[in-house]
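Number of protein chains: 2
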Amino acid sequence: MAAAEKDDARHREKMAKRKSAQDAEVSSKTVEKGLLIVHTGKGKGKSTAAWGLVLRALGRGKRIGVVQFGKGAWETGERKALETFGDRVVWHTLGEGFTWETQDRARDVAAAEKAWAQAKALLADPSFNLIVFDELNIALRYDHLPLADVVETLRNKRPDLHVVVTGRNAKPELIEAADLVTDMTPVKHHFAAGVKAQEGIEF
Amino acid sequence: MAAAEKDDARHREKMAKRKSAQDAEVSSKTVEKGLLIVHTGKGKGKSTAAWGLVLRALGRGKRIGVVQFGKGAWETGERKALETFGDRVVWHTLGEGFTWETQDRARDVAAAEKAWAQAKALLADPSFNLIVFDELNIALRYDHLPLADVVETLRNKRPDLHVVVTGRNAKPELIEAADLVTDMTPVKHHFAAGVKAQEGIEF
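For the record, the sequence lines run as chains A and B.
Quick note, the first sequence lines up with residues 1 to 203 if you use UniProt numbering.
Quick note, the second sequence lines up with residues 1 to 203 if you use UniProt numbering.
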C-alpha cells in the first residue's frame with residue numbers, strides 16, 4: 001500500500017471512530033427542556049448572540065419577547081430589522097441607560113423595577129417561546145433588583161420556555177440556576193487601535 | 001448631611017467621573033474601518049453572534065453574504081428567517097459537513113476549495129457590506145485550505161467591508177490579522193445534564 005493510501009486509510013479509521021463517538025453522545029441526550037441561557041463576560045457578542053437566537057427561533061415559527069434593562073436611548077439595527085417580523089417579536093426597552101449615564105441611583109432602581117415588572121408579565125404569557133432579558137446582569141450587579149427574587153422567578157419559569165439573560169458580571173447564583181452559560185472573552189479589540197464603533201456592527 | 005444623602009452624593013460623583021472617562025474614551029476613537037472579526041472558542045455563540053451581526057446590519061440597510069464551510073446538510077432556523085429579507089442576504093452552504101461525518105479527506109478538501117472560491121467571489125462584489133465565513137476556522141484547522149492564501153486574501157479585503165469568521169481553534173495567523181477577536185468560553189453546558197439540542201435554540 002502506498003504512503004498516501006495508508007494516510008487515507010488511517011484518516012478514514014480515525015474519522016469513523018470519531019463519528020461513532022459523536023453519534024453515541026448525541027443519542028444519549030434525550031431530555032426536551034426550555035433552557036435558561038446566560039451570556040456573560042467582558043467580550044463582544046453577548047447581546048449579539050441573543051439576537052442570533054431570536055433569528056433562529058423566528059425561523060422555527062416561535063414567538064419572542066425582549067426586555068432591555070439598559071441602552072434605552074439607542075435605536076439599534078437589530079430592533080429595526082426585527083420589526084419585519086411584526087407581532088412575533090414584542091420588544092420593550094425600559095432601561096434608562098447605564099448608571100454612569102444617569103448619575104441618579106433612585107432613577108436607575110425605578111427603571112430596573114419597571115423593566116422587571118414587564119419581564120414578569122412576559123414570563124406569565126404562554127404565547128412566548130423565547131424571552132431575552134438584555135443586560136439584566138447589569139441591573140443585578142448594581143443591586144437595582146433583588147437577586148433572590150430574580151433567580152427564584154427564573155427557576156420557576158414555564159418548563160418549555162427558553163430564557164436568555166445577557167450582560168457582564170453574571171451573579172454566581174444565576175450561573176448556578178442556568179442550563180447553559182457562555183463567557184464571551186475578549187482576545188483582541190479594535191477600540192485599542194483607535195477604531196470607533198461601526199454602524200451595523202456595534203449598533 | 002444625612003448618611004443616605006452622603007451616599008447619594010458619593011454615588012453621583014463616582015458616576016460623573018466614570019461618565020467623563022467613558023466620553024473621553026469614545027471621542028478618542030475616530031477611525032472608520034471595515035472590521036475583520038473572529039468568533040472562536042469551544043463555547044456556544046460563535047455562529048449565533050454572527051447571525052446577530054447580520055440582523056443588526058440588515059436593520060442598517062446593509063447587504064450581506066454568507067458562505068458556510070460546514071453543516072451543509074442542516075436546514076437551519078436562522079437561514080429560514082433570513083429568507084424574509086430576500087436578496088439582501090445571499091447564502092451559500094458549500095461545506096459537506098464535518099470531516100467526521102464524511103470520512104473522506106479528498107472530498108472535504110474539494111468542498112472547502114469550492115466554498116473558498118465562492119468566498120472570493122463575494123469578496124470581489126462591492127454590493128456587500130458584511131460577509132460571514134461560517135466555520136472557516138474548521139477548514140483551516142484541518143488544512144483543507146492554504147492558510148497563507150486565506151489570511152492574505154482577508155488582509156486585502158475592501159477597506160470598508162466587514163468580515164466575520166467563525167469556528168473553534170482559530171489559527172494564530174488569522175487572529176494576528178483580525179481587528180476584533182472573541183473567544184466564546186464554555187462555563188456550563190446542558191448536554192452534560194442529558195438535555196438534547198433544542199429546536200429554535202441550536203438549529
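Here a beta-carbon is modelled for each residue, glycine too, at the ideal position from N, C-alpha and C.
Note that this is a predicted model, so its numbers are computed, not measured.
Residue i by DSSP, collapsed to three states: which one?
i: Thr-153/B; result: helix
i: Ile-201/B; result: coil
i: Phe-128/B; result: coil
May I ask you to list the residues that DSSP assigns as paired with residue i?
i: His-11/A; result: Beta-bridge pairing links His-11/A to no other residue.
i: Asp-160/B; result: DSSP output for Asp-160/B lists no bridge partner at all.
i: Lys-188/A; result: Val-181/B
i: Ile-138/B; result: According to DSSP, which records beta bridges pairwise, Ile-138/B is partnered with nothing at all.
i: Phe-85/B; result: DSSP lists no partner for Phe-85/B.
i: Thr-166/A; result: His-39/A
i: Val-195/B; result: Val-31/A
Taking 8 Å as the CB-CB limit, is residue i close to chain A?
i: Ala-110/B; result: no
i: Ile-131/B; result: no
i: Arg-12/B; result: yes
i: Pro-126/B; result: no
i: Gln-198/B; result: yes
i: residue 291/B; result: This structure cannot speak to residue 291/B, because chain B is shown only from 1 to 203.
i: His-162/B; result: yes
i: His-190/B; result: yes
i: residue 210/B; result: Since the first residue of chain B shown is 1 and the last is 203, residue 210/B is not available in this structure.
Quick check on residue i - is its C-beta less than 8 Å from some C-beta in chain B?
i: Leu-154/A; result: no
i: Asp-179/A; result: yes
i: Gln-103/A; result: yes
i: Ala-49/A; result: yes
i: Gly-65/A; result: no
i: Ile-175/A; result: yes
i: Thr-182/A; result: yes
i: His-144/A; result: no
i: Val-89/A; result: no
How is the alpha helix (DSSP H) around residue i delimited, first residue to last?
i: Val-109/B; result: 105 to 123
i: Asp-89/B; result: Inspection of the sequence shows that residue 89/B is occupied by Val rather than by Asp. Where Val-89/B is concerned, there is no enclosing alpha helix (DSSP H), although the beta strand (DSSP E) it sits in stretches over 89 to 93.
i: Gly-43/B; result: Unbroken run through Gly-43/B: none, as it is neither H nor E.
What are the start and end residues of the beta strand (DSSP E) that includes residue i?
i: Gly-65/A; result: 64 to 68
i: Leu-36/A; result: 36 to 40
At a cut of 8 Å, does the segment 127 to 143 of chain B reach the segment 38 to 50 of chain A through at least three beta carbon pairs? no
Using a Cβ distance threshold of 8 Å, determine whether the segment 139 to 154 of chain B contacts the segment 99 to 119 of chain B, with at least three qualifying pairs required. yes
The segment 183 to 195 of chain A / the segment 170 to 185 of chain B touching (three or more Cβ pairs under 8 Å): yes
Segment contact, 8 Å Cβ cut-off, at least three pairs: the segment 17 to 37 of chain A with the segment 149 to 165 of chain A: yes
How about the segment 66 to 85 of chain B and the segment 51 to 65 of chain A: do they share at least three Cβ pairs that are nearer than 8 Å? yes
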